[in-house]
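*Asks:*
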Amino acid sequence: MDLRPADETVYLQKGRDLFETGFVPPSFGPVYQIWYFLLSLVAPDPVDLYYLNYQVLLVGFMVSFYFALRRYGVPSWIAFFPPLYFLYSRIPYIWPYQALFSAILILLAMGIAASFRKPLHWITVLLGGTLLAAYVRPELAVAWLALFGIALLLLGWRQIKKRPIPGSEWKPLAVVGATAAIFVLTLGSPIFNSGKERMFAAFSQHYSLNVVEDSGEEINPWIHAEKIRSRDFPTANSIGQCVSENPSAFFWHIRENVRKSLQELGRLSKANKGFFDFPEVFGYKSATISSIVLLFGLAFFFTSKRVDQVNWHPPALMLIALLLAVIPSVILVYPRQHYFICLWGVILLLPFLLFAQRELRPVSLAKRKNWIGAPLAIGLCSFPFLLPFREHGVLEKWEPDLVMAKTIRYIRDLELAGEVNLLRSEAELEEYLGPNFEGFEPWGMDEGETFDEFMRENEINVVLKDTFLPTLSNLKDDPEFQAFLKNPESSGYLPMAIPYTDRSIFVEASLWQRSRAQ
Numbered sequence: 005m006d007l008r009p010a011d012e013t014v015y016l017q018k019g020r021d022l023f024e025t026g027f028v029p030p031s032f033g034p035v036y037q038i039w040y041f042l043l044s045l046v047a048p049d050p051v052d053l054y055y056l057n058y059q060v061l062l063v064g065f066m067v068s069f070y071f072a073l074r075r076y077g078v079p080s081w082i083a084f085f086p087p088l089y090f091l092y093s094r095i096p097y098i099w100p101y102q103a104l105f106s107a108i109l110i111l112l113a114m115g116i117a118a119s120f121r122k123p124l125h126w127i128t129v130l131l132g133g134t135l136l137a138a139y140v141r142p143e144l145a146v147a148w149l150a151l152f153g154i155a156l157l158l159l160g161w162r163q164i165k166k167r168p169i170p171g172s173e174w175k176p177l178a179v180v181g182a183t184a185a186i187f188v189l190t191l192g193s194p195i196f197n198s199g200k201e202r203m204f205a206a207f208s209q210h211y212s213l214n215v216v217e218d219s220g221e222e223i224n225p226w227i228h229a230e231k232i233r234s235r236d237f238p239t240a241n242s243i244g245q246c247v248s249e250n251p252s253a254f255f256w257h258i259r260e261n262v263r264k265s266l267q268e269l270g271r272l273s274k275a276n277k278g279f280f281d282f283p284e285v286f287g288y289k290s291a292t293i294s295s296i297v298l299l300f301g302l303a304f305f306f307t308s309k310r311v312d313q314v315n316w317h318p319p320a321l322m323l324i325a326l327l328l329a330v331i332p333s334v335i336l337v338y339p340r341q342h343y344f345i346c347l348w349g350v351i352l353l354l355p356f357l358l359f360a361q362r363e364l365r366p367v368s369l370a371k372r373k374n375w376i377g378a379p380l381a382i383g384l385c386s387f388p389f390l391l392p393f394r395e396h397g398v399l400e401k402w403e404p405d406l407v408m409a410k411t412i413r414y415i416r417d418l419e420l421a422g423e424v425n426l427l428r429s430e431a432e433l434e435e436y437l438g439p440n441f442e443g444f445e446p447w448g449m450d451e452g453e454t455f456d457e458f459m460r461e462n463e464i465n466v467v468l469k470d471t472f473l474p475t476l477s478n479l480k481d482d483p484e485f486q487a488f489l490k491n492p493e494s495s496g497y498l499p500m501a502i503p504y505t506d507r508s509i510f511v512e513a514s515l516w517q518r519s520r521a522q
């Protein structure tokens, strides 16, 4: 799997620099920021950190899914197949990866909830997992509110019926409620204040995407999102104002999202690889093989208790809460696939509960065996995931899909000295290149500004040419940019082709000479 900058890189940078920048707004996932900070203690290099996070999340999703199935009494040999199917689905390729992290929290909460029979107990467990997940994906705060409302209704109903509520039931719920209040007071609310601003920005971007896809305009919807949204909603500053200002355009956007939602759900479950093709989601095949061995090694680790009847209520209630959270985001913003990951996990889990059965072997005996076998299996199978990516030969010519990783490695190996001002189309790429790199986006050019003027104004001394850069609307018709691509030497830049990719880098001759002199 190739490295993808932009959004995921922002999360990485904010997590790594937690003590310097402080917590991000609640709508940007402070719990995910803490997770990245903890991983950065193991892998301080940003490239290694990116891949470590990705690999741990993939393994974590499979293990948490397996854990949940086993806790509901699904036999080990059946519980093995859904995580394996996950490897071959579209899910590992969906970016950014914070949705995968939130899904792990939800699955773990459902697995733990299976241990409780009293409704207030398992609802409290679901609330704890959903609270953490809400500070990873802000729309999940709606799911938390739904679960908390159900818990309050249950308490009220028992009061009406004058049924006693022991402290062992209401006190854990009160602790979770108090924790949520502390989160809101210290970190803020995920769905209010900054959450509303972020949702309106997402609405503008995806409304622009729908317009461009419908009209066939050859412009970048992300770059021109504000301009396109302002054409139909010139004074609106919120989604509510968009409804009142131009209801026909707003409800057209809603209809488009509903239509596309069914398509995206179908793509989500579709196998991304043939069964006999090793999915290379980890960047190298040894890690994929290790993940399969890991599942076999865990086959008797997460034991299920003896059950005569499966408790369907926790996953069913979680499904309802997630639907209440996901549907508004999908309809109002856009059916992006990462919105569906938590929902997909719960939907996939439910039919396998039909295979739940009474555990045949004593749990105590299984636990005794697990103290030796399970840690050994986890240790051996986790080892490949913890090694730096560049030590595994993933950048060789037989890995054609790792274009970004090869680009980063090549630029790093140039060892450019001094201040490097990089013109690139991939946002946040400079985060992986070194502290002396500063990135500039071509869509930052002012209207009417020429390519040469932009280069001089920002003192650009390195240009990264990929397949996207020449197609940008503000560059493709610029004669100065076209002349630069044809003959960079005349502008004082040295062209260098990046091996085994379709990319080139142009380095200012003076910068190259200074770097070689040092």
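FYI, this note's numbering numbers position 276 of the sequence shown as 280, with every residue one higher than the one before it.
In this text, a Cβ means the ideal position worked out from N, Cα and C, and glycines have one as well.
Since this is a predicted model, take the numbers as computed values, not measurements.
Run through DSSP, which three-state label would lysine 122 get?
*Replies:* coil
*Asks:* Leaving out five residues on either side along the sequence, give the residues of the same chain with a beta carbon under 8 Å from the beta carbon of asparagine 524.
*Replies:* Look at the range of the chain in this structure, 5 to 522, and you will see that residue 524 is not part of it.
*Asks:* What separation, rounded to the nearest whole angstrom, lies between the Cα atoms of glutamate 201 and glycine 26?
*Replies:* 20 Å
*Asks:* Could you tell me which residues DSSP puts in a beta bridge with methionine 500?
*Replies:* Ile509
*Asks:* Is the distance from the Cβ of valine 337 to the Cβ of histidine 228 below 8 Å?
*Replies:* no
*Asks:* Does the contact criterion of 3 or more C-beta pairs under 8 Å hold for the segment 142-153 versus the segment 314-328?
*Replies:* yes
*Asks:* Whole angstroms is fine: what's the gap from phenylalanine 472's alpha carbon to aspartate 506's?
*Replies:* Roughly 11 Å separates the two Cα atoms.
*Asks:* Counting only the same chain and skipping the five closest in sequence on each side, list residues whose C-beta sits under 7 Å from that of phenylalanine 41.
*Replies:* Shown here for phenylalanine 41: same chain residues with a beta carbon closer than 7 Å to its own, the five before and five after excluded, namely Gly19, Arg20 and Leu22 in chain order.
*Asks:* Which value, in whole angstroms, describes the spacing of the CA atoms of leucine 328 and valine 334?
*Replies:* 11 Å
*Asks:* Under a three-way DSSP split, which group does lysine 289 fall into?
*Replies:* Residue confidence is low: lysine 289 scores 47 on pLDDT, short of 50, so the model does not pin down where it sits. No coordinate-derived value is stated.
*Asks:* For leucine 156, does the count of other Cβ atoms within 10 angstroms reach 16, so buried, or fall short, so exposed?
*Replies:* exposed
*Asks:* Quick one: grab the DSSP three-state call for valine 78.
*Replies:* Three-state DSSP puts valine 78 in coil, outside helix and strand.
*Asks:* Helix, strand or coil: how does DSSP classify leucine 22 here?
*Replies:* helix
*Asks:* List the whole-angstrom C-beta distance separating glutamate 173 from leucine 124, where the pair is believed to meet the contact cut-off of C-beta under 8 Å.
*Replies:* 4 Å
*Asks:* Can you find the residues in the same chain that come closer than 8 Å, C-beta to C-beta, to phenylalanine 71, ignoring five residues on each side of it along the sequence?
*Replies:* Leu111, Leu112, Gly115 and Phe306
*Asks:* Buried or exposed for isoleucine 98, please, with buried defined as at least 16 other CB atoms from any protein chain shown within 10 angstroms of its CB.
*Replies:* buried
*Asks:* Roughly how many angstroms separate the alpha carbons of leucine 266 and lysine 166, rounded to a whole number?
*Replies:* 46 Å
*Asks:* Report the option in Leu357, Val14, Ile195 and Arg235 whose CA atom is closest to the CA atom of arginine 254.
*Replies:* It should be pointed out that residue 254 corresponds to phenylalanine in this sequence rather than to arginine. Of Leu357, Val14, Ile195 and Arg235, the residue nearest in Cα terms is Arg235.
*Asks:* Assign asparagine 425 to one of two classes, buried (16 or more other C-beta atoms within 10 Å of its C-beta) or exposed (fewer than that).
*Replies:* It counts as buried.
*Asks:* My guess is that glycine 77 and valine 314 are in contact by the Cβ rule of under 8 Å, so how many angstroms apart are they, rounded?
*Replies:* 6 Å
*Asks:* Could you compute how far the alpha carbon of alanine 206 sits from the alpha carbon of leucine 420?
*Replies:* Separation of alanine 206 and leucine 420 (C-alpha to C-alpha, rounded to the nearest whole angstrom) is 37 Å.
*Asks:* Could you compute how far the alpha carbon of tyrosine 55 sits from the alpha carbon of arginine 94?
*Replies:* 18 Å
*Asks:* Express the C-alpha separation of asparagine 57 and tryptophan 516 in angstroms, rounding to a whole number.
*Replies:* Whole-angstrom Cα-Cα distance: 34 Å.
*Asks:* Roughly how many angstroms separate the alpha carbons of phenylalanine 152 and lysine 410, rounded to a whole number?
*Replies:* C-alpha separation (whole angstroms): 48 Å.
*Asks:* Threshold first: 4 residues or longer. Then list the alpha helix (DSSP H) segments lying entirely within the segment 446-475, N to C.
*Replies:* 455-462
*Asks:* Which first and last residues belong to the alpha helix (DSSP H) in which phenylalanine 41 is found?
*Replies:* Per DSSP, phenylalanine 41 is one residue of the alpha helix (DSSP H) stretching across 34-44.
*Asks:* Alpha carbon to alpha carbon, how far is asparagine 250 from proline 238? Give it in angstroms, no decimals.
*Replies:* 10 Å
*Asks:* Taking 7 Å as the cut-off, is the CB of methionine 408 close to at least one heavy atom of the ligand MN?
*Replies:* Within the structure as shown, the ligand MN is missing, as the structure has no ligands at all.
*Asks:* Give me the Cα-Cα distance between isoleucine 258 and glycine 33, rounded to the nearest whole angstrom.
*Replies:* 26 Å
*Asks:* Only counting the same chain, and skipping five residues up and downstream in sequence, which positions put a Cβ closer than 6 Å to that of phenylalanine 441?
*Replies:* Val424, Leu426 and Glu434
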